[in-house]
Amino acid sequence: GAVVSQHPSWVICKSGTSVKIECRSLDFQATTMFWYRQFPKQSLMLMATSNEGSKATYEQGVEKDKFLINHASLTLSTLTVTSAHPEDSSFYICSARDPLAPIYQPQHFGDGTRLSIL
Amino acid sequence: DAKTTQPPSMDCAEGRAANLPCNHSTISGNEYVYWYRQIHSQGPQYIIHGLKNNETNEMASLIITEDRKSSTLILPHATLRDTAVYYCIVRVANTGNQFYFGTGTSLTVIP
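Sequence lines, in order, name chains A and B.
Using our numbering, the first residue of the first sequence is number 1, and each one after it goes up by one.
Using our numbering, the first residue of the second sequence is number 119, and each one after it goes up by one.
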C-alpha cells in the first residue's frame, strides 16, 4: 500500500540553528502533503498544507516565516524550522494521500520526526 | 468540519472486545467517519472509515448509527499492542482532505 516516509526520525540541535525535515511519498505522487505538530500528551495540530509547485497554505496562528515549506517535486515536501528555539521542540508529522485513489481513501502518515532544541 | 467527542480514556481486558464510542452529532450528509490510532512516538495509523453502512476489515469493525450522529469502533479481541490513542475524525472527502484531530481516546489494554 501507499507509504509516507519521514527523515530524520530524531534530531537534536542547538538553539538558533535551522532544521530541515523531509517527507516523501514512496509509491505515489502526492500533489498535496500536510504537516502537523504534536506536543507531549496533546493531539495533532495541522500546521500547513504543502502544494506541489505553489505556496503552502498555513493554518491560522502558524508563522510562515518560521516554518518554511517547500514542495518542489511530486514525491518530496520539506519543512524547515528556522532559527529554532526550545519552544519549537515537538513531534512533527507529515501525511499525504494518493490523488489517483478514490477520493474517500484515507491519508497516510509518516512516522514523525522528534525535534529537540537545546 | 464537524467536531467529534470521545471519552478521554478507557481500559479493556486483554482478549475482550474494546468498544470505543465517538459522538459526531453535527455530521453532514457527505462527511465520512475515519478512525486512526497512534501508538506512542509513532505517526497515526489508519484503521477504518465509513459513510453510513457498518464496515469491517482485518483490524476492526465500525458501527455507525442510523442517524449517523455517533459511531463505535470495535476491536474484537484486544491485545496489549492495541494500547494507543484512538482518534475519530469526520471529514468531507475532497481533494483538500485536511484532517483535524480531536483529543482522542487513550485505550489501555490490561493483561
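Where is the CB? At the ideal position from N, CA and C, for every residue including glycine.
Item                                                                                                             : Value
Helix, strand or coil at P125 (chain B) [DSSP, three-state]                                                      : coil
Of the residues A:S9, A:T49, A:Y92 and A:S15, the one placed nearest Q42 (chain A), counting alpha carbons only  : A:Y92
N-terminal and C-terminal residue of the beta strand (DSSP E) that L198 (chain B) is part of                     : Unbroken run through L198 (chain B): none, as it is neither H nor E.
Rounded straight-line distance, which links the Cα of G16 (chain A) to that of N242 (chain B)                    : Since the first and last residues shown for chain B are 119 and 229, residue 242 (chain B) lies out of range.
Closer than 6 Å: V11 (chain A) CB and nearest the ligand FMN heavy atom                                          : You won't find the ligand FMN in this model; it holds no ligand whatsoever.
Helix, strand or coil at D229 (chain B) [DSSP, three-state]                                                      : Before going further, note that residue 229 (chain B) is Pro rather than Asp in the sequence given. Residue state, collapsed to three classes: coil.
Candidates A:L115, A:T49 and A:S50: closest to H85 (chain A) by CA position                                      : A:L115
Residues of the region 38-49 of chain A with Cβ closer than 9 Å to any Cβ of chain B, in chain order             : Q38, Q42, S43, L44, M45, L46 and T49
E22 (chain A) (DSSP reduced to helix, strand or coil)                                                            : strand
C-beta atoms of V4 (chain A) and A101 (chain A) nearer than 7 Å                                                  : no
Alpha-carbon to alpha-carbon, T49 (chain A) and I103 (chain A)                                                   : 17 Å
Assigned secondary structure, P40 (chain A) (DSSP; H/G/I helix, E/B strand, else coil)                           : coil
Stretch pair the region 123-136 of chain B + the region 57-72 of chain A: three plus CB contacts closer than 8 Å : no
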